[in-house]
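See structure below.
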Amino acid sequence: MAVRDAKPAPGTVLRGRGGSAHLLSEAVVLDRAGIRLLIPLDAIETVHVARSKRPTAEIRLNSAATGADATTVCAIGSRSTEAVEAFAHAVNAAVPQRDEAERRIDGAALVKAVERPFMPRTPCRPFLSTDEWWACGALTCLFAVGLMLPALAGDGSLANGASLAKLWAGTFAGLVFGCAVARGTWRATVTWWLLHRYGVTTVATRVGYWPGEDDNSPGVLVYSFTATAGTTHDICRTGSRGGPDEIGVSYDPARPDFAVGPRQPWVRTLILLIRLLVGVPVTLVMAAYLLWYFATAMHL
Numbered sequence: 000m001a002v003r004d005a006k007p008a009p010g011t012v013l014r015g016r017g018g019s020a021h022l023l024s025e026a027v028v029l030d031r032a033g034i035r036l037l038i039p040l041d042a043i044e045t046v047h048v049a050r051s052k053r054p055t056a057e058i059r060l061n062s063a064a065t066g067a068d069a070t071t072v073c074a075i076g077s078r079s080t081e082a083v084e085a086f087a088h089a090v091n092a093a094v095p096q097r098d099e100a101e102r103r104i105d106g107a108a109l110v111k112a113v114e115r116p117f118m119p120r121t122p123c124r125p126f127l128s129t130d131e132w133w134a135c136g137a138l139t140c141l142f143a144v145g146l147m148l149p150a151l152a153g154d155g156s157l158a159n160g161a162s163l164a165k166l167w168a169g170t171f172a173g174l175v176f177g178c179a180v181a182r183g184t185w186r187a188t189v190t191w192w193l194l195h196r197y198g199v200t201t202v203a204t205r206v207g208y209w210p211g212e213d214d215n216s217p218g219v220l221v222y223s224f225t226a227t228a229g230t231t232h233d234i235c236r237t238g239s240r241g242g243p244d245e246i247g248v249s250y251d252p253a254r255p256d257f258a259v260g261p262r263q264p265w266v267r268t269l270i271l272l273i274r275l276l277v278g279v280p281v282t283l284v285m286a287a288y289l290l291w292y293f294a295t296a297m298h299l
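In numbering that gives the first Met the number 0, the protein residues as written are 0 to 299.
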């Protein structure tokens, strides 16, 4: 009968040269060269620590043949001896202790290749999205029109037209900044209004965690909540493994994929007021400048 010396310590991860290994409750998940292997603890004979120039954890499988050497499915080297030893100790403590008959199983036959789940990393995306292309096109046309109007001035106004064109070219960067501020203010106002008027607040439960690139990088916490229509939606937040198991989220029932959390309503209102205090004056100044410029350019 197979027994364990200790309960598994899920969450133990070893990363290094050769791949990464993650200890779960009943298996070790091995990521190596773009392939994910699920190694049941029943298939593992031991995790051996090889001490050479770089400490290495060797995951060895059981063999069905009597007296045969254990098969090493993977060797993961790390600069940290403590990390290698801690991983080996955790896995060896979780591996069931078997009698001689149970030990003669083909561990390699129990190993399965599984599809790697979606990793919520920043995806490869085009240089500009469709909306951004439209915005760039509109700003380019606006810049061209602003330069052309003074150039079409009569002969007696060439000097004034040239000065006005230089003013337009010199201040256009500030105009672009004003457009960005106006857009951000508009989106923040719409978001606040939708969540304030139609928003539903619920609790999202933590369903997963994906580690960062290294031990010093934050990972991604994945939370799931059920909308009023009965559909399940995920929300991802950057954080550490010790993040909360539950968070409060607010979402618009018409767009349940769009969720915000876990800010309190008064915090969202305060942020909106700050945006309005900055965004509205900037938008008004930008609009007044555009009206003045085009009115002046058309009457040269």
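We treat Cβ as the ideally placed atom computed from N, Cα and C, and that holds for glycine.
Open item on the list: I'd like to confirm the pairing. Which residues does DSSP put opposite D251 in its beta bridges?
Closed with: R254
TODO: For W291, count neighbouring C-beta atoms within 10 Å of its own C-beta (all shown protein chains included) and say buried if the count is 16 or more, exposed if not.
DONE: Exposed is the call here.
TODO: With DSSP collapsed to three states, give me the class of V94.
DONE: Coil, per DSSP.
TODO: Below 8 Å on the Cβ atoms is my guess for H47 versus R59; work out the distance and round it to an integer in Å.
DONE: The C-beta separation of H47 from R59 comes to about 6 Å, placing the pair in contact by the 8 Å criterion.
- [ ] With a 10 Å radius around its C-beta and 16 neighbouring C-beta atoms as the bar for buried, classify V248 as buried or exposed.
- [x] buried
Open item on the list: Which of the three DSSP states is assigned to P39 in this structure?
Closed with: strand
- [ ] Work out the CA separation of H232 and I246 for me, nearest whole Å.
- [x] When the Cα atoms are used, I246 and H232 turn out to be separated by approximately 14 Å.
Open item on the list: Helix, strand or coil for E25? Go by DSSP, reduced to three states.
Closed with: coil
Task: Delimiting residues of the alpha helix (DSSP H) encompassing T139 - done: T129 to A150
TODO: Put V113 into one of helix, strand or coil per three-state DSSP.
DONE: strand
Open item on the list: Let's test the definition: count the other Cβ atoms within 10 Å of the Cβ of S77 and tell me whether it reaches 16, buried, or not, exposed.
Closed with: buried
Task: According to DSSP, residues forming a beta bridge with W209 - done: V219
Task: Contacting residues, own chain, Cβ-Cβ under 6 Å from E57 (five flanking each side not counted) - done: Counting only Cβ-Cβ distances below 6 Å, and skipping sequence neighbours, we find H47, A49, T71 and A74.
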